[in-house]
Amino acid sequence: MSTSCSPTCGCASAETSVAAITDNIVARINGVALHSADQMLSVDELRQRAYTELLRQAAQSRGLLAADDVAAADGIASEAASSAIEQLLEQSLQVPEPSDEACRRHHAAHAASYRVGERANVRHILFAVTPGVDVKALRLRAESALLDVRSHDGQADPFADVARQLSNCPSGQEGGTLGWLTAQDCAPEFAREIFGHAEVGVLPRLVHSRFGLHVVEVLERDAGEDPPFEAVRGAVAMALRQQSYVTALRQFLSLLAGQAHMEGVDLDGADTPLVQ
C-alpha cells in the first residue's frame, strides 16, 4: 500500500504547476487587457488568458460572438464566448480519422503505453521547485543526493536517511516510500520516467516533474500484460485523434498569435496560415 503524500511529490495527479511570476505590467492582446495592473499572474496563467483572448477575438471576427462581448477581468470567458470558441474550433480545426495502418504503427511503437496492470514499487527524494528558489543550487543539491545514494558500499542503504533529511515530500518521513504505483497514480511526466522501462534500483538520472527534481528508486516491478492490438484499437485511435487535434490547435493558435498585436506576453507566432 502506498503512503499518503502531498500533491507536490509528483506521484499525485495534481493540476497545479510552479511557474515564474510576471512583472507588474499589463499584458494586452490587440489592446485588450488580460489582467488588471495589480494582478500577479504566473507565466502559465498569463499565456492561458492570452490564448483564450485570441480565440474570443477570432470568434468575434467570424461573426460567431456578439461584438459587445467583453473580456472578463478574471480571465474566465463568458458562456456565450465559450460556446462561440467551441464553434470556431469545430470550423477551423481539421482532425483526420487515423487509418488502421497508422493505428497499428502507433501501437507497435508504443505498446507499453497500453500495458494493463503495470506497477512499480517506488521511493523518491523530492527537491521541490517553488517560487523564488535558486534552481541551479537546487539541481546541485539533487545531483549530490543522487550521487550519495548510488555510491554506497552495499553494506548500508542511505536512501531512507537522505529522504528523511532532504525530501520536500511528506513521504520523506517514511524514507521516501511511495509504495506500489500505477501510471495513473502519477503526474504524466513522472510516470513516463518510471513506467515502460525495465530498470530496477536507483535511476541514474534525476526525474523532472512539474513539482521539482526527484531522486527515484524502483524497488520492484510488476510488468503487467500487453493486450493484443484488437483489444486496444479504440484507445489507439483516440490517442492519434488527440495528437492530431493538439497539433492542429497549436498551429491555429500560432497563426492567431502571428496576426495579433501583443504586449507583455510572449507567444510563438506564425506569419502564414498553418491550418488548411
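Under the working numbering, think of the first position of the sequence shown as 76, with each following residue one higher. C-beta: ideal position from N, C-alpha, C; glycine also. Predicted, not measured: the structure shown is a model, and the values here were computed from it.
Within this structure, are the beta carbons of VAL282 and GLU292 separated by less than 7 Å? no
Beta strand (DSSP E) segment containing GLU295, residue limits: 287-297
Nearest to CYS261 by CA position, among HIS199, SER157 and LEU241, is which residue? HIS199
I need the straight-line Cα distance from HIS110 to ALA147, nearest angstrom please. 9 Å
Is PHE202 near GLY287, with beta carbons less than 7 Å apart? yes
Which of helix, strand or coil does DSSP assign to THR257? coil
Could you check which residue in GLN114, ILE151, LEU116 and LEU168 has the C-alpha nearest to that of ARG131? ILE151
CA nearest to the CA of ALA125, picked from ARG137, TYR189 and ALA108: ALA108
Reference ALA141; option with closest CA among ALA159, GLU218 and VAL210: ALA159
Identity of the residues DSSP links to ILE200 by a beta bridge: VAL290
By the DSSP assignment, the alpha helix (DSSP H) with VAL118 in it spans what residues? 118-136
Along the beta strand (DSSP E) that carries SER284, what are the first and last residues, could you check? 282-284
I need the DSSP call for MET313, collapsed to helix, strand or coil. helix
Reducing DSSP to helix, strand and coil, say where ILE104 ends up. strand
Using 8 Å as the threshold, is the stretch 183-195 in touch with the stretch 262-277, meaning 3 or more CB pairs across them? yes
Which listed residue (LEU342, LEU129 and ALA312) has its alpha carbon closest to that of PRO171: ALA312
Ordered along the chain, which non-local residues of its own chain (more than five positions away) have a Cβ less than 6 Å from that of ASP209? none
Under the DSSP definition of a beta bridge, which residues are partnered with GLU274? Per DSSP, none; premise fails for GLU274.
Just reading off the alpha helix (DSSP H) that GLN240 is part of, what are its end residues? 234-241
Among ALA314, ARG280 and HIS336, nearest to ALA184 - alpha-carbon criterion: ALA314
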